[in-house]
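Asks: Numbered per the working numbering, the sequence shown spans residues -16 to 328. Backbone N, C-alpha and C fix where the C-beta goes; we use that ideal spot for every residue, glycine too. Would you mind keeping the following structure in view while I ask a few things?
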Amino acid sequence: MLTFAVRRLVLAVPTLLFISFVIFMLLQLAPGDPMAQVPLTVPPEVKQKMREALGVGEPPLVQYWKWLVQVFWLEPKVFIDWLTNSSTLLGWLPDTQLYQGELRVISWQTRSPVMDIVIQRIPQTLWVVGMAYVVGILIALPIGIYSAYRQYSVFDQSGTFITMIGFSIPPFFTGPLLIVIFSVQLGWFPSIYDTTHVVNDWASFKYQLQQMILPVMVLALQTTAQISRYMRASMLDNLNQDYVRTARAKGLSEAVVVTVHVLRNSMIPVITVIALNVPSIFGGAIITENVFKVNGIGQLLITALFANDLPMVMTLTFIFAVLIVLFNLIADILYGLLDPRIRYD
């Protein structure tokens, strides 16, 4: 298993390089000028110096090489310096001081390092998206298992109806609908997510939960709908297998047959959906964060697109590509843990 994981990680490097090259070249075709937001009173020679400082005007391959150096060489050095200087976990180590002030990837919109902005926004996205995904999985798995075990029952038919609604309604409709019902009409939850809110007592913690409910509900709805259907289909396929009849003939209880034997084999295709849906849930957060004003990377991507901030768009799309490759690897590793028939070494 370890050999397989190392081999896949090594193969992931050229894959990510190819993806980054394609993304970079496609963005080079997009119209945009980093000086578009600069006031007209700035002299042309000053604008030209600013373009040179941002790396604009050079051949695309040169710009791509500089981007690779900045992302894969300079940014890790900045991160290591932060770990040894400011982090709680490794702050006791001597300062490394690897970064010597070299030019990093600069946002055209804010004129500040892109990764600094991304790191500031990631906690908000992970807090909302991560909670929504966990909630969606915890709801979807029991629904799918019980729906398969009680096939064609009232519970199964009701679950099928609700999941079809979850599949059909997109987040840009569900979000405003929930805001109208629960914020405007009932006044139960706030419609805008306050990213500056600090939790320091029970009242602030309660407000944090209240403002998270609506965006989490929107994101968890589609997760629950998709995973529960895969869980139901996989359980139905395994419930009719010979080994299930054998387990029942041995006198094993129904709970043991379903939860130990059937569930473990049924989780193999579901693991694929859960792992590969992680990047897509971040994609869904792009719409949800804008609806509820969550100051995360989804809203950052939309803002960068409207502002023609190509370095920011490039970095964020590359992060999504890394997530896809990483969770593909995680899914493959989990296959071997769930199914003893699968061996990679």
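So, are the CB atoms of Ile2 and Ala304 less than 8 Å apart?
Replies: Here residue 2 refers to the residue found at position 19 of the sequence shown. Here residue 304 refers to the residue found at position 321 of the sequence shown. Going by C-beta atoms, Ile2 is nearer than 8 Å to Ala304.
Asks: In the DSSP assignment, find the unbroken alpha helix (DSSP H) run with Arg87 in it and report its ends.
Replies: Translated into the one-based positions of the sequence shown, residue 87 becomes position 104. Careful: Arg87 lies outside any alpha helix (DSSP H) and carries neither H nor E.
Asks: Kindly examine the ligand GDP and report whether one of its heavy atoms sits closer than 7 Å to the Cβ of Ile313.
Replies: Inclusion of the ligand GDP in the displayed structure is not the case, the ligand content being empty and no account of it being possible.
Asks: Report buried or exposed for Leu86, applying the criterion of at least 16 other Cβ atoms within 10 angstroms of its Cβ.
Replies: Here residue 86 is taken as the residue at index 103 of the sequence shown, counted from 1. Classification for Leu86: exposed.
Asks: Which runs of the alpha helix (DSSP H) at least 4 residues long sit entirely within the region 128 to 153? Give them in chain order.
Replies: 137 to 151
Asks: Any idea what DSSP makes of Pro96, helix, strand or coil?
Replies: Here residue 96 corresponds to residue number 113 of the sequence shown, with the count starting at 1. Strand at Pro96.
Asks: With a CB to CB cut of under 7 Å and the five nearest residues on each side skipped, what residues in its chain are close to Pro173?
Replies: Position 190 of the sequence shown, counted from the start, is the residue given in the question as residue 173. Only Ser166, Gln193 and Gln194 meet the Cβ criterion.
Asks: According to the Cβ coordinates, are Val253 and Ser217 closer than 8 Å?
Replies: Here residue 253 corresponds to residue number 270 of the sequence shown, with the count starting at 1. Here residue 217 corresponds to residue number 234 of the sequence shown, with the count starting at 1. Yes, these two residues count as a Cβ contact at 8 Å.
Asks: Among residues of its own chain, excluding the 5 on either side of Arg231, which ones have a beta-carbon nearer than 8 Å to its beta-carbon?
Replies: By 1-based counting over the sequence shown, the position of residue 231 is 248. Here the set comprises Glu237 and Val240.
Asks: Would you say Asn273 and Thr206 are within 8 Å of each other, going by their C-beta atoms?
Replies: Position 290 of the sequence shown holds residue 273. Position 223 of the sequence shown holds residue 206. Not in contact: Asn273 and Thr206 (Cβ atoms no closer than 8 Å).
Asks: Quick check on the burial criterion: 16 or more other C-beta atoms within 10 angstroms. Buried or exposed for Glu41?
Replies: Counting from 1 along the sequence shown, the entry for residue 41 is found at position 58. It is exposed - the Cβ of Glu41 has fewer than 16 other Cβ atoms within 10 Å.
Asks: Which value, in whole angstroms, describes the spacing of the CA atoms of Asp315 and Met250?
Replies: The residue given as residue 315 occupies position 332 in the sequence shown. The residue given as residue 250 occupies position 267 in the sequence shown. Near 13 Å, if we compare the C-alpha coordinates of Met250 and Asp315.
Asks: Under three-state DSSP, which class holds Ser236?
Replies: Residue mapping note: residue 236 aligns to position 253 of the sequence shown, counting from 1. If DSSP states are grouped into helix, strand and coil, Ser236 belongs with coil.
Asks: Could you spell out where the alpha helix (DSSP H) holding Ala290 opens and where it closes?
Replies: Against the sequence shown, residue 290 aligns to sequence position 307. Element bounds for Ala290: n/a, residue is neither H nor E.
Asks: By Cβ distance, which residues of its chain are closer than 8 Å to Gln191, with the 5 residues on each side in sequence left out?
Replies: The residue labelled residue 191 in the question sits at position 208 within the sequence shown. Same-chain partners within the cutoff: His180 and Val182.
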